[in-house]
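Read through the structure below, which is laid out as structure tokens, and then see the notes.
Number of protein chains: 2
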Amino acid sequence: MEEIHLVFARNLKAIREKEKLSLEKVSQLSGVSKTMIGQIERGESSPTLTTIWKIANGLKVSFSELIHEPQPETEVIFGEDIQFLTEDHGKYIVYPHFPFQKDRRFEIYRIEIEQGGTLNAEAHREGTEEYLTVFDGELIIRIQDRDYRLSSGDAIRFKADRPHTYINPCDTVTRLSMTIYYPR
Amino acid sequence: MEEIHLVFARNLKAIREKEKLSLEKVSQLSGVSKTMIGQIERGESSPTLTTIWKIANGLKVSFSELIHEPQPETEVIFGEDIQFLTEDHGKYIVYPHFPFQKDRRFEIYRIEIEQGGTLNAEAHREGTEEYLTVFDGELIIRIQDRDYRLSSGDAIRFKADRPHTYINPCDTVTRLSMTIYYPR
DNA sequence: CTTATATGTACAATATAACGCACATTATGT
DNA sequence: ACATAATGTGCGTTATATTGTACATATAAG
Chain R
15 MEEIHLVFAR
25 NLKAIREKEK
35 LSLEKVSQLS
45 GVSKTMIGQI
55 ERGESSPTLT
65 TIWKIANGLK
75 VSFSELIHEP
85 QPETEVIFGE
95 DIQFLTEDHG
105 KYIVYPHFPF
115 QKDRRFEIYR
125 IEIEQGGTLN
135 AEAHREGTEE
145 YLTVFDGELI
155 IRIQDRDYRL
165 SSGDAIRFKA
175 DRPHTYINPC
185 DTVTRLSMTI
195 YYPR
Chain U
15 MEEIHLVFAR
25 NLKAIREKEK
35 LSLEKVSQLS
45 GVSKTMIGQI
55 ERGESSPTLT
65 TIWKIANGLK
75 VSFSELIHEP
85 QPETEVIFGE
95 DIQFLTEDHG
105 KYIVYPHFPF
115 QKDRRFEIYR
125 IEIEQGGTLN
135 AEAHREGTEE
145 YLTVFDGELI
155 IRIQDRDYRL
165 SSGDAIRFKA
175 DRPHTYINPC
185 DTVTRLSMTI
195 YYPR
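For the record, the sequence lines run as chains R and U. Heads up, the first sequence is in this note's numbering, so the first residue is 15 and it goes up one at a time. Heads up, the second sequence is in this note's numbering, so the first residue is 15 and it goes up one at a time.
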């Protein structure tokens, strides 16, 4: 996921050049200093909400035009490029393949749990659902004192707006796909 | 026009309370400090683009949900409440009745020009148009060496993407309505 | 009532956004 | 070529966004 302020930077510069405006002109139109406009365009600064507003008004463009990242029709994410996260002393590894995007309502992760690895997850927002598919090993999902044991090839859907626990009961690694859906 | 960060503040607090989340929880979800969340909600801070992003992601809400100001069906603007601007040593007074809004494409001002008042306006963006209606006095609009003289009751539309000048040639005040339209 | 826990605010310290000015470089005109 | 203006960047200063800790108040538990 590209840094948001770099998206902003690129969009701002594109709009400015499309309108054939100088930094000075944008500065006058928006009431934001020329220096700051330059820094923002170069991605050296993450503008404040009020300055974003000033710029949007000065340029007569919508907020979303400035933060919109053009989505390619096809997108490839290579595993080695993903910045993963770990829990439970490195035994629980999360690969965020498709993080949340405002216009979608879900995000997709890949999870690896080493032998004996465990993770206690807090309750998510009301109505949130999780969809898990196990690819390798065994997985126990504990939800409200109920245990569900899944093997490779199994899948489960459950309401994630309550605490739940992921457990790898075996001595082999467990690998699974996780999709989280946020309603509304 | 209400300050944008106050709109953000209200929306954030509304969403948080709707979800029954504490400041602490929002902090964990977003990775922004509890203190900062509190300050933003109280309108004491104008958050940075990156923190706006963090909050939007943590709460799984769209950017626009946080900056959207619910528009009442009917809105009354009292002249005395308007913060006016002056040019030409106070002889040219601007009352911004309906400033630009992203989803609209125009803004409406009321202008008063004292006797002998003059304003040289820079060229606006390509395609911009102005619609003027004179209510009192006389007005001369100078566009590319052409003078257009208007009296009370007259109106004019012209392309404002070039320099133009407003002149009150009389010894009485000139009052007019100005609508600026931004294409695309 | 007392103790513990949670929730929101006040405060001091730090990081960084924002500004004004000066500089280097590039266009523009004569 | 030269002067002039315009454009974008570097720098020091100021303003403020952000954080962590401590505090106050409320809420729940015993």
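Each residue gets a CB set at the ideal place from its N, CA and C atoms; glycine is no exception.
How do the segment 35-52 of chain R and the segment 69-81 of chain R stand: do at least 3 beta-carbon pairs fall below 8 Å, yes or no?
-> Yes, the segment 35-52 of chain R is in contact with the segment 69-81 of chain R.
Going along the chain, which residues of its own chain have a beta-carbon closer than 7 Å to the beta-carbon of Asp161 of chain U, five neighbours each way excluded?
-> Only residues of its own chain outside the window of five on either side were considered, and among them Ile154 have a CB closer than 7 Å to the CB of Asp161 of chain U, listed in chain order.
Cβ atoms of Glu126 of chain U and Val187 of chain U: under 8 Å apart, would you say?
-> Contact flag set, yes.
Bridge partners of Pro110 of chain R, per DSSP?
-> According to DSSP, residue pairing for Pro110 of chain R in a beta bridge involves R:Tyr123.
Closer than 8 Å to chain U by CB, Lys105 of chain R = Closer than 8 Å: no.
Partners in chain R for Glu33 of chain U, counting only beta-carbon separations shorter than 8 Å = Neighbours of Glu33 of chain U on chain R, chain order: Arg139, Glu140.
DSSP-derived helix/strand/coil call for Asp150 of chain R = DSSP places Asp150 of chain R within a strand segment (E or B) once states are collapsed to three.
Scan the segment 37-100 of chain U and note each continuous alpha helix (DSSP H) run of 4 residues or more that stays entirely inside, going in chain order.
-> The alpha helix (DSSP H) runs lying completely inside the segment 37-100 of chain U and spanning 4 residues or more are 37-44, 48-55, 63-73, 77-81, given in chain order.
Residues near Leu63 of chain R in its chain [Cβ-Cβ closer than 7 Å; skip 5 each side] | Same-chain partners within the cutoff: there are none.
Give me whichever residues DSSP pairs with Thr132 of chain R in a beta bridge.
-> DSSP output for Thr132 of chain R lists R:Ile181 as bridge partner(s).
DSSP state of Glu17 of chain U mapped onto helix, strand, coil | In this structure, DSSP gives Glu17 of chain U a state outside helix and strand, which the three-state scheme calls coil.
Own chain partners of Tyr195 of chain U with C-beta closer than 8 Å, once the 5 adjacent residues on each side are dropped = Excluding residues within five positions, the ones whose Cβ falls inside 8 Å are Arg119, Phe120, Thr142, Glu143, Glu144, Tyr145.
Compare the C-beta of Pro61 of chain U with all C-beta atoms of chain R and state if any pair is closer than 8 Å.
-> Chain R contact via Cβ: present.
Using a beta-carbon distance below 8 Å, is Ile170 of chain R in contact with chain U?
-> No, because no Cβ of chain U sits closer than 8 Å to the Cβ of Ile170 of chain R.
Taking His19 of chain R as the query, report the chain U residues whose CB atoms sit under 7 Å from its CB, ordered along the chain.
-> Near His19 of chain R (Cβ distances below 7 Å), the residues of chain U are Leu63, Thr64.
Can you pull the DSSP bridge partners for Phe172 of chain R?
-> According to DSSP, Phe172 of chain R bridges with R:Glu144.
Hey, is Lys27 of chain U's beta-carbon within less than 8 Å of any beta-carbon in chain R?
-> Interface annotation, Lys27 of chain U: not in contact with chain R, CB-CB separation never under 8 Å.
Go through its chain and collect everything with a Cβ distance to Ile91 of chain R's Cβ below 7 Å, but skip five positions before and after it.
-> Closer than 7 Å at the Cβ level, and outside the excluded window around Ile91 of chain R, lie His111.
Taking 8 Å as the CB-CB limit, is Lys48 of chain R close to chain U?
-> At a cut-off of 8 Å, the C-beta of Lys48 of chain R has no neighbouring C-beta in chain U.
Taking 8 Å as the CB-CB cut-off, is Tyr123 of chain U touching chain R?
-> Chain R, which has no Cβ nearer than 8 Å to the Cβ of Tyr123 of chain U, makes this no.
Since Leu35 of chain R is in the beta strand (DSSP E), which residue starts that stretch and which ends it?
-> That residue, Leu35 of chain R, is in no beta strand (DSSP E); it is neither H nor E in DSSP.
Tell me whether Arg24 of chain R sits in a helix, a strand or coil according to DSSP, three-state version.
-> In the three-state DSSP reduction, Arg24 of chain R falls in the helix class (H, G or I).
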